[in-house]
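Trainee: Sharing a structure below in C-alpha cells format, with a few things to ask.
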Amino acid sequence: AQSVTQLGSHVSVSEGALVLLRCNYSSSVPPYLFWYVQYPNQGLQLLLKYTSAATLVKGINGFEAEFKKSETSFHLTKPSAHMSDAAEYFCAVLYGGATNKLIFGTGTLLAVQP
Amino acid sequence: GAGVSQSPSNKVTEKGKDVELRCDPISGHTALYWYRQSLGQGLEFLIYFQGNSAPDKSGLPSDRFSAERTGGSVSTLTIQRTQQEDSAVYLCASSPSRANEKLFFGSGTQLSVL
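Okay, here's the thing in C-alpha cells:
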C-alpha cells in the first residue's frame, strides 16, 4: 500500500539546535518526494522537492533533505533552528502513473524554544 | 487571480444539509487537487483532476461526496447530507500540469457541521 510515515507528531528544539524531522515512504520505485510547510494561519507552501537529480536537496530557509533509497527515507534537517521555523511540516510522496496521487504524511509540529 | 482562491472561507451548517465548496485555481493550471485536513490526521487525499477529468476518485470518503470541474478551471466539492465527522478544513491545490511540479494551495474552507 502507498503510504508516508512521519515519526513524531510533535518535535521541540531549542533555538540554534539541529532540526531533524523524519519521513519514510513505501515504494518499489523511486518516487517524487516533497516537504511542505504550514506556518501559523498561512497556507501550505513548498519547502523542497526531490526529483532524482540529486540525493541531497536544498530548500528555502536553510532546510535540506536527503533521499536514501536503501532506507526509503527523506528526512528534513536544518543545522540551526530559528524561532521563525515554528510551523507544521508535511512530507509528501507522489505516486505517479495515471493517478498522479500526491500523498501526505500526518505532519510534524515543530516548536522552537528560546 | 494571483493565487488559488477558495470560498467560503468558513461554513457552518446543520447536520443533514448539503454544502458546496468552491475552488478557483491559478489561471492555466491544469492539475487540481482536493484534500481534507483534520486535527491530527494530516492531509487526506480526496480527488485529483487533470483538466476536467478525475482519474482518481479513490479518496472520496463516501458517496455523499462528489466533485466536478468545468472549463478546466473552477472546481466544486459537494457534500450531501453532511455529518459531524465531515467537519474539517477542505484544501484545494493546483499545479501547472502534474503534481511533480509545485502545488499551490488555497487557504481552505473551514467546515463545521453542528
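Residue numbers (my numbering), protein chains in the order written: chain A, 1 to 114; chain B, 1001 to 1114. Ideal Cβ placement from N, Cα and C applies to all residues, glycine included.
(1) Below 6 Å CB to CB, which residues in the same chain sit around S3 of chain A once its five sequence neighbours on both sides are set aside?
(2) Find the residues of chain A that neighbour F1045 of chain B, judging by a C-beta separation of less than 8 Å, and give them in chain order.
(3) Nearest to T1070 of chain B by alpha carbon, out of B:S1005, B:S1097, B:L1091 and B:T1030?
(4) With a Cβ-Cβ cutoff of 8 Å, do T1082 of chain B and Q1006 of chain B count as a contact?
(5) Roughly how far, in whole angstroms, is the beta-carbon of A86 of chain A from the beta-carbon of A65 of chain A, given that I think they are within contact range, below 8 Å?
(6) In the DSSP output, which residue or residues are listed as bridge partners for Q1110 of chain B?
(7) If the cut is a Cβ gap below 7 Å, which residues of chain A does Y1033 of chain B touch?
(8) Does the structure place the segment 1016-1036 of chain B close enough to the segment 72-92 of chain A that three or more beta carbon pairs sit under 8 Å?
(9) Are the CB atoms of F74 of chain A and Y95 of chain A within a distance shorter than 8 Å?
(10) Helix, strand or coil for G62 of chain A? Go by DSSP, reduced to three states.
(11) Can you find the residues in the same chain that come closer than 6 Å, C-beta to C-beta, to T1078 of chain B, ignoring five residues on each side of it along the sequence?
(12) With a cut-off of 8 Å on the beta carbons, I'd call I103 of chain A and F1045 of chain B a contact; round off their distance for me.
Mentor: The relevant details are as follows:
(1) Here the question's residue 3 of chain A lines up with position 3 in the first sequence. Closer than 6 Å at Cβ, skipping near neighbours: S26.
(2) Locating residue 1045 of chain B in the second sequence gives position 45, where the first residue counts as 1. The contacting residues are K101, L102, I103 and F104.
(3) Here residue 1070 of chain B refers to the residue found at position 70 of the second sequence. The candidate whose alpha carbon is nearest that of T1070 of chain B is B:T1030.
(4) Translated into positions along the second sequence, residue 1082 of chain B becomes position 82. Translated into positions along the second sequence, residue 1006 of chain B becomes position 6. Not closer than 8 Å, so no.
(5) As a working note, residue 86 of chain A is residue 86 in the first sequence. As a working note, residue 65 of chain A is residue 65 in the first sequence. Between A65 of chain A and A86 of chain A the Cβ distance is about 19 Å, and since that is not below 8 Å, they are no contact.
(6) Position 110 of the second sequence, counting from 1, holds the residue named residue 1110 of chain B. Q1110 of chain B pairs with B:N1010 and B:V1089.
(7) Locating residue 1033 of chain B in the second sequence gives position 33, counting from the first residue. Per Cβ cutoff of 7 Å: L102.
(8) no
(9) For the purposes of this step, residue 95 of chain A is taken as the residue at position 95 of the first sequence. For the purposes of this step, residue 74 of chain A is taken as the residue at position 74 of the first sequence. Cβ atoms of Y95 of chain A and F74 of chain A: not closer than 8 Å.
(10) Start at 1 with the first residue of the first sequence, and residue 62 of chain A comes out as number 62. G62 of chain A: helix per DSSP, three-state reduction.
(11) Here residue 1078 of chain B corresponds to residue number 78 of the second sequence, with the count starting at 1. Only E1020 and S1066 meet the Cβ criterion.
(12) The sequence position of residue 103 of chain A within the first sequence is 103, counting from 1. The sequence position of residue 1045 of chain B within the second sequence is 45, counting from 1. Correct: roughly 6 Å between the Cβ atoms.
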